[in-house]
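Residue numbers (full-length UniProt numbering), protein chains in the order written: chain Z, 1 to 283; chain S, 1 to 418.
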Amino acid sequence: MSLPAYAGPGETAWYYTYRAICGLIFTFLIVPIFVIIPLSFNAEPYFTFTPEMLAFDPEGYSLKWYAEFFTDTSWRNAVINSFIIAICATLISTTLGTVAALGLSQSAMPYRTAMMAMMISPMIVPLIISAAGMYFFYTRIGLGSTHLGVILAHAALGTPFVVITTTATMVGFDRSLIRASNNLGADGITTFFKVIVPLILPGVISGALFAFITSFDEVVVVLFVGSVEQRTIPWKMFSGIREEIRPTILAVATLLVCISICLLTTLELLRRRNERMRGLSPG
Amino acid sequence: MADTTMTTADGIPLKVSLRKALMRQKMRALMLVAPLFFFLFITFVMPILDMLFRSVDNSIVPDILPRTVLALEEWDPDVVDVPPEAAFEAMVKDIQEGYEAKTIGRVGRRLNFENPGMSSLFRKSGRRTKKINEAPYKEALIAIDDRWGESQTWRVIKKLSPKYTASYFLQAVDMQETVDGEITWQPEEYQVYLNLFWRTLVMSGIITILTIILGYPVAYLLATLPLRTSNLLMILVLLPFWTSLLVRTTSWIALLQTQGILNDLFVLVGLVDDDDRLQMIHNQFGTIVAMTHILLPFMILPLYSVMKTIPPSYMRAARSMGANPALAFVRVYMPNTVSGVGAGSILVFILAIGYYITPALVGGRTGTFISNYIATYISGAAQNWGLAAALGIILLALVLVLYLLYDKIVGIDNMKLG
């Protein structure tokens, strides 16, 4: 959308006003993400810029909150828990989700809409309701306050993302490739790993990333299903904000922003690869 | 007469063979879906069913006071005020047994939801009924506490005798069943939940409208810019989308709190006085601002994908036929984006009404949602699982209705991510 040559003064004025408004909205979107980064280097335990920081006085800056994060055992446990839970949950949901997506995208699949609705329901049901139900049920069957319980719960929450992204890649999948592979003498398993997997891989990986981040960021279910033993990073942040608010949380938040930037980059690269492989023009 | 049925090479009729092949395909598809189906059934569907069960479950009284429940079956409170001696005997036996098994406190707590004071009555009686071992039981119980002689006490117990109850659902919509079996509104001072549902809906509505107002121009810009530029700007939308919810909530606390960045800035430029800084957090304002920010990408992305499909030639055609830019936009462009606005709104609204974390951290007292009450009733001081389950089921029903709407507008199959 560029300004046409015949635009009058009114139109020109509106054009620049509109751009300015959009600039403000982008600022609203992005400033809260970046404002915490400088704050995490605060030498004082405040959540705001001190006069020293504004004067760019080196005295006003410090790495001590990062040091606290890396040396504190309860934070270290939280990091370990977060990774264990997120990785296990991602493995479960990616495996089950990919296999189910293969079934769902077959034309012979009966009750497809109903099945699809059930498979993505964990994404639709509000987290507090899933968490409450899981709390009741997992306690009843002895999974409450265990790592396994939290992992299974997170795997359930992550599967819709894998199912959606993988079925989306399957839509553009040329089924005659499978017949061609069979025709050339490959059995089902060979065909799956040599033909199907490479083609749907971008969808599977982006689904897995969604599943990972869902588990990694998730706090409501952990709060209910888990106990202190299963304390994850988001749990520590949540209770930290509620009880004693320290800039260590800002240091952790900054590190998490870095992680999400990495994830975003990976996803963007995957998207481009997917489009290239399907012969679409790269974005 | 020659057989005219077509057969395959091995002599099976073609129809049968085809049916078999189709059946096999169907089975294969089902087998692929089955593992996830059962996994989700156990880890996700069963918990929801469990919650549904808890919202009507009333087994505490009949399980712990079985004899009393049986003895009260015959008693008609409208005929005789107080039940017969047999009921008192049954109650004494039940309390003694419950005191031994340490379950009697649960009955007291359950009855307390219906009639405050029952918890203390059972605590008191639990200790003292040990000494009662012969008739007359009625006098002995009344000697422990006068309330055993009151009709009200027994009516409440009789009312809670059935195994299932609608009382949690009634309570969740500010109603109650009186001991006479009438369904009425709760007393004014206990009416909280309908207001709370209303507040949740209104605040979610405001948040949805704000995301439309902020998301529409941005989505339009992204959809009309050249692809290279719009992909770069898209990062500004996707980065918040991918950033942890807690990180974004934390930064809103840093921005909005009274000693926070925005207030500091306002004081610096002289907009507000240092002594009366603005209270922008721990109230509805804080919740609305933070949640609008958090949910904005969920509005921009569906809007963008719809706007992307509108050919730019539409607008040019409208202009060439004499419409000024504003008219062309309102009459030609906007009607084409209705489905995107609908999809985005329902998505944002569904996400908003179930939110827990952000309202819990920045909502204070006035900015909390129904989810916060559900959480309190599960793990907080005022534990009441039945009520939490009933509130949860109502919220779930609300979400499912919206979900069906979403399905009508966009279709579940067309849901896209990122």
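All residues carry an ideal CB built from backbone N, CA and C; glycine is no exception.
Legend entry - Short CB-CB distance (under 9 Å) between S/Asp50 and chain Z: Stepping through the second sequence from its first residue, residue 50 of chain S is reached at position 50. Yes, because at least one Cβ of chain Z sits closer than 9 Å to the Cβ of S/Asp50.
Inset, instruction - Locate the alpha helix (DSSP H) running through S/Ile357, then write down its first and last residues. - result: Here residue 357 of chain S corresponds to residue number 357 of the second sequence, with the count starting at 1. Ile357 to Val362 is the extent of the alpha helix (DSSP H) around S/Ile357.
Legend entry - Cβ-heavy atom distance, S/Arg128 to the ligand NAD, below 8 Å: Among the components modelled here there is no ligand, and therefore nothing to report on the ligand NAD.
Inset, instruction - Grab the span of the beta strand (DSSP E) containing S/Trp185 for me, first residue to last. - result: As a working mapping, residue 185 of chain S is identified with position 185 in the second sequence. Looking at the DSSP string, the run of the beta strand (DSSP E) that includes S/Trp185 is Ile183 to Trp185.
Legend entry - First through last residue of the alpha helix (DSSP H) which encompasses Z/Ile119: What you label residue 119 of chain Z is simply residue 119 of the first sequence in a count that begins at 1. In the sequence as displayed, the identity of residue 119 of chain Z is Met instead of Ile. Arg112 to Ile124 is the span of the alpha helix (DSSP H), which, as asked, contains Z/Met119.
Legend entry - Z/Leu3 at chain S interface by Cβ criterion, 9 Å: As a working mapping, residue 3 of chain Z is identified with position 3 in the first sequence. Output row for Z/Leu3: interface = no.
Inset, instruction - Output yes or no for whether 9 Å exceeds the beta carbon distance between Z/Leu148 and Z/Pro122. - result: In the first sequence, the residue the question calls residue 148 of chain Z occupies position 148. In the first sequence, the residue the question calls residue 122 of chain Z occupies position 122. It is not a contact, given that the beta carbons lie outside the stated cut-off.
Inset, instruction - Would you list the residues sitting across from Z/Asn42 in a DSSP beta bridge? - result: The residue you call residue 42 of chain Z lines up with position 42 of the first sequence. Bridge partners of Z/Asn42: Z/Tyr61.
Inset, instruction - Would you mind sorting S/Val348 into buried or exposed? The rule is 16 or more other CB atoms within 10 Å of its CB. - result: Stepping through the second sequence from its first residue, residue 348 of chain S is reached at position 348. Label assigned to S/Val348: buried.
Inset, instruction - Assess, as a yes-or-no matter, whether the stretch 190–207 of chain S is touched by the stretch 369–376 of chain S under the definition of 3 or more beta carbon pairs within less than 8 Å. - result: Yes, the stretch 369–376 of chain S touches the stretch 190–207 of chain S.
Inset, instruction - Grab the span of the beta strand (DSSP E) containing S/Glu177 for me, first residue to last. - result: What you label residue 177 of chain S is simply residue 177 of the second sequence in a count that begins at 1. Counting along the chain, the beta strand (DSSP E) containing S/Glu177 begins and ends at Met175 to Glu177.
Legend entry - Spatial distance of S/Asp407 from S/Leu400 (CA atoms): As a working mapping, residue 407 of chain S is identified with position 407 in the second sequence. As a working mapping, residue 400 of chain S is identified with position 400 in the second sequence. Straight-line Cα distance between these residues: approximately 10 Å.
Inset, instruction - Pull up the DSSP beta-bridge partners for residue 420 of chain S, would you. - result: The structure shown does not extend to residue 420 of chain S, since chain S is modelled only from 1 through 418, so no value can be given for it.
Inset, instruction - From the DSSP output, in three-state form, read off S/Pro13 for me. - result: In the second sequence, the residue the question calls residue 13 of chain S occupies position 13. Three-state result, S/Pro13: strand.
Legend entry - Bounding residues of the alpha helix (DSSP H) (the contiguous stretch that carries S/Tyr372): The sequence position of residue 372 of chain S within the second sequence is 372, counting from 1. It should be pointed out that residue 372 of chain S corresponds to Asn in this sequence rather than to Tyr. First-last of the alpha helix (DSSP H) with S/Asn372: Ile370 to Ser379.
Legend entry - Reference S/Phe88; option with closest CA among S/Val269, S/Val80, S/Asp76 and S/Thr68: Numbered from 1 along the second sequence, position 88 holds the residue referred to as residue 88 of chain S. The shortest Cα separation from S/Phe88 among S/Val269, S/Val80, S/Asp76 and S/Thr68 belongs to S/Thr68.
Inset, instruction - For Z/Ile151, collect the residues of the same chain with a Cβ closer than 6 Å to its Cβ; drop the 5 residues on either side in sequence, then sort them by chain order. - result: The residue you call residue 151 of chain Z lines up with position 151 of the first sequence. For Z/Ile151, where only same-chain residues beyond five positions count, the Cβ hits under 6 Å are Ile85, Cys88 and Ala89.
Legend entry - chain S contact for Z/Gly97 (CB, 9 Å cutoff): Position 97 of the first sequence, counting from 1, holds the residue named residue 97 of chain Z. Yes - at least one Cβ of chain S is within 9 Å of the one on Z/Gly97.
Inset, instruction - Please work out which residues of its chain come closer than 8 Å, Cβ to Cβ, to Z/Thr17, disregarding the five sequence neighbours upstream and downstream, and give them in chain order. - result: To locate residue 17 of chain Z, count along the first sequence from 1; it is residue 17. Counting only Cβ-Cβ distances below 8 Å, and skipping sequence neighbours, we find nothing.
Inset, instruction - Starting from residue 419 of chain S, follow its DSSP beta bridges and name the residues at the other end. - result: Nothing about residue 419 of chain S can be read from this structure; chain S reaches only from 1 to 418.
Inset, instruction - For S/Ile353, count neighbouring Cβ atoms within 10 angstroms of its own Cβ and tell me buried if that reaches 16, exposed if not. - result: As a position in the second sequence, residue 353 of chain S is number 353, starting the count at 1. Buried, because 16 or more other Cβ atoms sit within 10 Å of the Cβ of S/Ile353.
Inset, instruction - In angstroms with no decimal places, state the Cα-to-Cα distance between S/Gly108 and S/Gln96. - result: Along the second sequence, one-based indexing puts residue 108 of chain S at 108. Along the second sequence, one-based indexing puts residue 96 of chain S at 96. Approximately 14 Å between the Cα atoms of the pair.
Legend entry - Whole runs of the alpha helix (DSSP H) within the stretch 124–207 of chain Z, excluding any shorter than 4 residues: Runs found: 127–140, 147–171, 176–183 and 188–191.
Inset, instruction - Tell me, please, whether the stretch 380–387 of chain S touches the stretch 44–58 of chain S by the rule of three or more beta-carbon pairs shorter than 8 Å. - result: yes
Legend entry - Distance between Z/Glu275 and Z/Ser281 (C-alpha atoms, nearest Å): In the first sequence, counting from the first residue as 1, residue 281 of chain Z sits at position 281. In the first sequence, counting from the first residue as 1, residue 275 of chain Z sits at position 275. Any reading at Z/Ser281 is ruled out, since the residue's pLDDT is 43, under 50, leaving its predicted position unreliable.
Inset, instruction - Tell me, please, whether the CB atom of S/Phe37 is closer than 9 Å to any CB atom in chain Z? - result: Residue mapping note: residue 37 of chain S aligns to position 37 of the second sequence, counting from 1. With a threshold of 9 Å between beta carbons, S/Phe37 makes contact with chain Z.
Inset, instruction - Flag this pair as touching only if the stretch 104–121 of chain Z and the stretch 188–195 of chain Z have three or more C-beta atom pairs under 8 Å; answer yes or no. - result: no
Legend entry - Residues near Z/Arg273 by beta carbon distance below 8 Å, same chain, minus five either side: As a working mapping, residue 273 of chain Z is identified with position 273 in the first sequence. Answer for Z/Arg273: Pro202, listed in chain order.
Inset, instruction - Identify the continuous alpha helix (DSSP H) that holds Z/Trp235 and give its terminal residues. - result: Taking the first sequence and counting its residues from 1, the one referred to as residue 235 of chain Z is at position 235. That run of the alpha helix (DSSP H) goes Ile233 to Arg242.
Inset, instruction - Evaluate S/Asn324 with the Cβ neighbour count: other Cβ atoms within 10 Å of its Cβ, from every protein chain shown; 16 or more gives buried, anything less gives exposed. - result: Position 324 of the second sequence holds residue 324 of chain S. Exposed, by the Cβ-count rule.
Inset, instruction - Count the other C-beta atoms from every protein chain shown that fall within 10 angstroms of the C-beta of S/Lys159, then say buried if there are 16 or more, exposed otherwise. - result: Sequence index remark: in the second sequence, residue 159 of chain S carries index 159 (1-based). Counting Cβ neighbours within 10 Å, S/Lys159 comes out buried, since at least 16 surround it.
Legend entry - C-beta neighbour in chain Z for S/Ala375, strict 9 Å: Residue numbering aside, residue 375 of chain S sits at position 375 when the second sequence is read from its first letter. Answer yes: the Cβ-Cβ gap between S/Ala375 and chain Z drops below 9 Å somewhere.
Legend entry - Beta-carbon separation (whole angstroms), Z/Ile30 vs S/Leu236, contact threshold 8 Å: Taking the first sequence and counting its residues from 1, one reaches residue 30 of chain Z at position 30. Taking the second sequence and counting its residues from 1, one reaches residue 236 of chain S at position 236. Contact flag correct, Cβ pair sits at about 5 Å.
Legend entry - Burial state of S/Ala9 (16 or more Cβ within 10 Å): Numbered from 1 along the second sequence, position 9 holds the residue referred to as residue 9 of chain S. Exposed: under 16 other Cβ atoms inside 10 Å.
Legend entry - Option nearest S/Ile104 by Cα separation, candidates S/Ile206, S/Gly126, S/Pro84 and S/Ser151: What you label residue 104 of chain S is simply residue 104 of the second sequence in a count that begins at 1. Looking at the Cα atoms, S/Gly126 is the closest of the given residues.
Legend entry - Residues of the stretch 126–141 of chain Z whose Cβ lies closer than 9 Å to any Cβ of chain S, in chain order: Taking a C-beta cut-off of 9 Å against chain S, the contacting residues of the stretch 126–141 of chain Z are Pro126, Leu127, Ile128, Ile129, Ser130, Ala131, Ala132, Gly133, Met134, Tyr135, Phe136, Phe137, Tyr138, Arg140 and Ile141, listed in chain order.
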